[in-house]
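First up is the structure itself, then whatever we jot down about it.
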Amino acid sequence: AQSVAQPEDQVNVAEGNPLTVKCTYSVSGNPYLFWYVQYPNRGLQFLLKYITGDNLVKGSYGFEAEFNKSQTSFHLKKPSALVSDSALYFCAVRDTTGGFKTIFGAGTRLFVKA
Amino acid sequence: DAGVIQSPRHEVTEMGQEVTLRCKPISGHDYLFWYRQTMMRGLELLIYFNNNVPIDDSGMPEDRFSAKMPNASFSTLKIQPSEPRDSAVYFCASSQGARSGGYTFGSGTRLTVV
Numbered sequence: 001a002q003s004v005a006q007p008e009d010q011v012n013v014a015e016g017n018p019l020t021v022k023c024t025y026s027v028s029g030n031p032y033l034f035w036y037v038q039y040p041n042r043g044l045q046f047l048l049k050y051i052t053g054d055n056l057v058k059g060s061y062g063f064e065a066e067f068n069k070s071q072t073s074f075h076l077k078k079p080s081a082l083v084s085d086s087a088l089y090f091c092a093v094r095d096t097t098g099g100f101k102t103i104f105g106a107g108t109r110l111f112v113k114a
Numbered sequence: 115d116a117g118v119i120q121s122p123r124h125e126v127t128e129m130g131q132e133v134t135l136r137c138k139p140i141s142g143h144d145y146l147f148w149y150r151q152t153m154m155r156g157l158e159l160l161i162y163f164n165n166n167v168p169i170d171d172s173g174m175p176e177d178r179f180s181a182k183m184p185n186a187s188f189s190t191l192k193i194q195p196s197e198p199r200d201s202a203v204y205f206c207a208s209s210q211g212a213r214s215g216g217y218t219f220g221s222g223t224r225l226t227v228v
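Chains as they are written, first to last, in my numbering: chain A, 1 to 114; chain B, 115 to 228.
This is the structure:
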């Protein structure tokens with residue numbers, strides 16, 4: 001069975017500093033990995049995905065994520081955080097071996113302080 | 115495109131009443147997903163459809179929950195009878211294909227059962 005873990009409930013960074021939001025996963029086959037962001041009282045918004053190819057994928061709003069197969073991780077990063085990046089971030093994994101269900105992590109709340 | 119449209123945005127109902135949540139997916143998207151979000155359990159996949167046909171309803175918590183998709187532009191999630199523990203935010207999402215794309219989420223319906 002597939003699973004995804006976000007080990008940090010909350011991440012605090014100062015504006016202008018780099019940020020990292022961690023994610024690890026477990027699937028039986030090749031993973032498709034995703035990051036979404038949720039602002040208050042809104043639905044989730046797709047940020048980026050890893051399907052195959054380059055381990056560093058770039059997405060919306062300057063975010064990027066690094067896929068590490070040996071560590072089964074897919075950490076979200078941004079070189080310089082903005083206050084407006086403050087939101088709830090979800091990592092998700094899709095197991096392609098049977099069905100295409102997407103499982104979401106518990107979410108990590110990011111606070112960017114001015 | 116107006117995106118995925120859910121109605122109502124908020125619903126307050128008394129225990130025992132029937133509740134119907136509605137979703138209009140993005141035109142041309144052939145997959146539709148219903149998720150439930152709570153603080154305790156995070157995002158849970160309830161059911162998903164492909165070309166209006168239910169594919170996996172293993173996440174539907176009880177027989178009190180039912181979902182239909184009578185056509186490509188409309189889906190409903192019904193709870194009958196409702197209970198206080200059903201209080202949550204219910205999201206509908208759609209995608210074109212289920213394999214490698216991200217999902218587009220609606221803004222959700224916040225359900226409160228008193």
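Glycine included, C-beta positions come from ideal geometry on N, C-alpha and C.
Item: Indicate whether at least one CB of chain A lies closer than 8 Å to the CB of B/G240.; Value: With chain B covering 115 to 228 only, the question about residue 240 of chain B has no answer from this structure.
Item: Using the C-alpha atoms, what's the distance from B/L135 back to A/H75?; Value: 35 Å
Item: Which of the three DSSP states, helix, strand or coil, is assigned to B/D200?; Value: helix
Item: Just checking: is the beta-carbon of A/R42 within a distance shorter than 8 Å of some beta-carbon in chain C?; Value: Note that chain C does not occur in the displayed structure, where the protein chains are A and B.
Item: Buried or exposed: where does A/L56 fall if 16 or more other Cβ atoms within 10 Å of its Cβ makes it buried?; Value: exposed
Item: Three Cβ pairs or more, each shorter than 8 Å: is that satisfied between the region 50–70 of chain A and the region 2–18 of chain A?; Value: no
Item: Quick check on DSSP: helix, strand or coil for A/S84?; Value: helix
Item: Using a Cβ cut-off of 7 Å, which residues of the region 149–164 of chain B contact any Cβ in chain A, in chain order?; Value: G156, L157, L159
Item: Taking the CB atoms as reference points, tell me whether B/Q120 and B/T218 lie closer together than 8 Å.; Value: no
Item: For B/P122, which residues of its own chain have a beta-carbon under 7 Å away from its beta-carbon, when the five flanking residues on both sides are left out?; Value: T223
Item: On a CA-only basis, which of A/A92, A/V13, A/V83, A/F111 is nearest A/Y50? Give me that one, please.; Value: A/A92
Item: Could you pull the start and end residues of the beta strand (DSSP E) that A/Q38 belongs to?; Value: 31–38
Item: Could you tell me the boundaries of the beta strand (DSSP E) in which A/H75 lies?; Value: 73–78
Item: Taking B/V118 and B/A207 to be in contact with their CB atoms under 8 Å, please state how far apart those CB atoms are, rounded to whole angstroms.; Value: 6 Å
Item: Which of the three DSSP states is assigned to B/S214 in this structure?; Value: coil
Item: For B/H143, count the other beta carbons within 10 Å of its own beta carbon; 16 or more makes it buried, fewer makes it exposed. Which is it?; Value: buried
Item: Which residues in chain B sit within 7 Å of A/G107, going by Cβ to Cβ distance?; Value: G156
Item: Please classify A/K69 as buried or exposed, where buried requires at least 16 neighbouring CB atoms within 10 angstroms.; Value: exposed
Item: So with Cβ pairs under 8 Å, would you call B/S180 a contact of chain A?; Value: no
Item: Name the chain A residues whose beta carbon is nearer than 9 Å to that of B/R213?; Value: Y32, I51, R94, T96, F100
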